[in-house]
Amino acid sequence: MTASVTIDRVTQTYGGAVALHEVSLDIAAGEFVVLLGPSGCGKTTLLNLIGGFAQPASGRILIGGRDMAGVAPAARPTTTVFQDYALFPHMTLAENVGFGLRMRGMGRAQRREKAAQMLALVGLPGREDRRPHELSGGQRQRVALARALAVSPDVLLLDEPLGALDLKLRRQMQDELKAIQRQVGTTFVHVTHDQEEAMALADRIVVMSEGRVSDLGPPREVYLRPKSLFSAAFMGEINQIPVVAGQSAIGAYPGTGTLLIRPEAIGTSGALALGQATIMDAAFFGTHVRVHARIADLTLTLHLPQDADPQPGAVMMLYASAHSFLESR
Amino acid sequence: MRRLGYLYLALAYGFIFLPVVVLVVFSLQDGRLPVPPFQGFSLRWYGKILSDRGLMTALGNSAAVAGVSSGVALVLGFLAAHGLARVRLPGSVLMRGVLIAPMTVSYLIIGLGLLTLFNQMGVKPSLWATGIGHVVINLPLCFAICFAAMGDHQKSAERAARDLGASEMRVLWHVSAPMLAPALGAAFFLSVTFSWDEFIIAFLLTRFDVTLPVEIWSMLRSGLSPATNAIGSLVFLASALVVIALEALFRRSK
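See the structure below:
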């Protein structure tokens, strides 16, 4: 029902180009891990290697402690939810969901019963005899999820499953996906380029860049204490203030590296004083007021509370309530 | 201007269908010769051919050769198309070209080649030999139709099927073939009509058991008769029914 996944120094190349560079990663049984990164970062390549759709150039992949070298997708304890759903258009929903069970030799009546259960689990009860073309995009993705979960895989792989859905539906599906994962307890490995989706779903986020793991940890940690500049910027807007030998645009700060402050951490109070700033412009964004302000020749982006109404040209004292520091190596 | 258009349409249809109409009309001739003047309506020629043992045997032979050879051509063409569409091999463009090439060779040449080859191998002319000849001419057609129909849509469904534990055979049987059903139907029925009408290969490769076109040809050697018109009309009717069935199949899949 669930198993750990170990990626051990896996390298993958496509015609000379390195898609993955000695990636190592341990995923615990029952964990919801999100592989996050821009297109071309290697996240989908890694997912395909776990699913068995490609073989690594070097390194090992273990699922539940078993080496998967040379094991075909059909023989792996994994199933995949594809971005394009890949439902079988000539089959009913019950036949779609029951397909994997049929391949495992389960009888018709049992298959149908299990398919009905799975469809109910994903919020489509009583639709066994419909066909995929009668469904909306979100419903099709639910069927794809039910189909992949019906065979009780140890590890479920999700390849940008929500990418084709509109924003509102995507947020709703995220909540449901998380709930379903808790209910079934299967290890989920989910690929996305949407950092909000990653934070909504993940027990742990793996930020990837150019074929390497750039950062990993629980959403809070990756967001608040990123271990790389790439991860800091990819997780959301952030102010990067260079510090050279204890000196920076906002005054003295020990070390050499980059001071990282999220826009929402800047305000009129806080532990770290940033200095007197001149407001350049401000715009109301609903949940906050987005402001650009200058301290000397440093431009900061900050989010002030809804009720703030800063005027361009005004000067105010700014503080950071939270920040992190990334030492340069 | 519009009247002129209709006139043109009428002429074009006339040009295409007049021979068939003449064929059918004089198959109903109440006389000895299928030529004007029309001497009256009679179904006796149909009665005659339907009670003609040799003719009916030939009809059965034609149907069997068409069905079996088209089935074989379809299976081989589908498997070849699936393989070449899914697996990238060195020289796959060349392989595709070689598979389609027989389409450009005349049936006479293919027939002669097979006759020579079968002689060398000691294979006697028979319906089986004719069937093999028809597989040769219809395989490229089936391959081309199936290959054109293979898309990414099927490819990802096949991938999903494999991921869910299906073996290659079961992927083909449960996913690829049903998803391509309209193309497979089109390829099969086109093959059937080609095989059904085919004369020259059948003529060269049969001896005692013959197909319908060969039987008609031997009837024609003893002169024109409304009976040949009647059998021609029946053949036309059978082809037309297959085309209508094909059309219906495509309509439904849309």
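In order, the protein sequences belong to chains A and B.
In terms of this note's numbering, the first sequence has 260 at position 260, counting the first letter as 1, and numbering is strictly consecutive.
If you want this note's numbering, it's the 1-based position in the second sequence plus 1000.
Positions of the beta carbon are idealized from the N, C-alpha and C atoms, including for glycine.
Contact under 8 Å by Cβ, residue i with residue j
i	j	result
Ala1202/B	Val1214/B	yes
Ala1157/B	Met1121/B	no
Met103/A	Arg1086/B	no
Arg112/A	Gly126/A	no
Thr92/A	Arg130/A	yes
His288/A	Gln306/A	yes
Gln195/A	Gly236/A	yes
Ala1081/B	Met1001/B	no
Ala19/A	Gly211/A	yes
Ala1240/B	Ala86/A	no
Ala28/A	Ser58/A	no
Leu101/A	Ala54/A	no
Phe1189/B	Leu1246/B	yes
Val1072/B	Thr1211/B	no
Pro263/A	Leu302/A	yes
Thr186/A	Glu160/A	no
Leu1055/B	Gly1232/B	no
Ala366/A	Leu119/A	No answer is possible for residue 366/A: the residues shown for chain A start at 1 and end at 329.
Interface residues of chain B facing residue i [CB-CB closer than 7 Å]
i	result
Phe88/A	Ala1157 and Val1175
Gly100/A	Leu1164 and Gly1165
Thr287/A	Correct list: empty, because the minimum Cβ distance to chain B is about 38 Å.
Thr299/A	Correct list: empty, because the minimum Cβ distance to chain B is about 46 Å.
Cα-Cα separation between residue i and residue j, rounded to whole angstroms
i	j	result
Glu31/A	Ile1137/B	58 Å
Thr268/A	Glu221/A	24 Å
Ser1225/B	Arg1032/B	6 Å
Asp281/A	Ala265/A	18 Å
Ser228/A	Pro1140/B	58 Å
Gly246/A	His323/A	16 Å
Ala1166/B	Ala148/A	13 Å
Val1068/B	Met1219/B	26 Å
Phe188/A	Ala249/A	44 Å
Gly52/A	Leu259/A	41 Å
Gln172/A	Arg294/A	39 Å
Leu1059/B	Ala1186/B	23 Å
Asp1209/B	Asn1061/B	8 Å
Arg1053/B	Asn1229/B	17 Å
Leu1204/B	Arg1096/B	29 Å
Pro153/A	Gly1091/B	39 Å
Gln1029/B	Gly1223/B	16 Å
Met208/A	Thr78/A	22 Å
Val1243/B	Gln1039/B	33 Å
Gly138/A	Asp1197/B	51 Å
Bridge partner(s) assigned by DSSP for residue i
i	result
Asp8/A	Arg60/A
Gln14/A	Going by the sequence as given, residue 14/A is Tyr instead of Gln. Answer is Ala17/A, bridged to Tyr14/A.
Thr187/A	Val155/A
Leu302/A	Val291/A
Gly217/A	Ile205/A
Gly275/A	Leu318/A
Pro242/A	Thr258/A
Asp1209/B	Asp1209/B is not bridged to any residue.
Reference residue i; option with closest CA among the options
i	options	result
Asp8/A	Asp26/A, Ser209/A and Met118/A	Asp26/A
Glu197/A	Thr2/A, Gly16/A, Leu36/A and Ala29/A	Leu36/A
Pro1037/B	Ser1191/B, Ile1216/B, Ile1200/B and Phe1026/B	Phe1026/B
Leu1108/B	Met1001/B, Pro1090/B and Thr1130/B	Thr1130/B
Ala116/A	Glu95/A, Pro226/A and Gly105/A	Glu95/A
Gly270/A	Ile279/A, Leu201/A and Tyr319/A	Tyr319/A
Gly286/A	Gly138/A, Ala120/A, Asp309/A and Gly15/A	Asp309/A
Phe1050/B	Val1105/B, Ile1016/B and Leu1234/B	Correcting the residue identity first, residue 1050/B is Leu in this sequence and not Phe. The candidate whose alpha carbon is nearest that of Leu1050/B is Leu1234/B.
Chain B residues whose Cβ lies nearer than 8 Å to that of residue i
i	result
Gly51/A	Asp1163
Asp26/A	Those do not exist, as Asp26/A stays about 24 Å from chain B at its closest Cβ, beyond 8 Å.
Chain-ordered chain A contacts of residue i [CB-CB under 9 Å]
i	result
Ser1167/B	Ala74 and Met103
Ala1183/B	Near Ala1183/B there are no residues of chain A at all, since even the closest Cβ is about 13 Å away, more than 9 Å.
Per-residue contacts from residue i into chain A (C-beta, under 8 Å)
i	result
Met1179/B	Phe88, Pro89 and His90
Asn1170/B	The residue you asked about is not Asn; residue 1170/B is Arg in the sequence shown. Chain A residues near Arg1170/B: Met103.
Ala1064/B	Those within 8 Å of Ala1064/B in chain A number zero; the least Cβ separation is about 30 Å.
Amino acids of chain B, ordered along the chain, whose beta-carbon sits closer than 9 Å to that of residue i
i	result
Val151/A	Leu1164 and Gly1165
Asp84/A	Asp1152, His1153 and Ser1156
Thr186/A	Those do not exist, as Thr186/A stays about 15 Å from chain B at its closest Cβ, beyond 9 Å.
Chain C contact for residue i (CB, 8 Å cutoff)
i	result
Thr45/A	This model lacks chain C altogether, as its protein chains are A and B.
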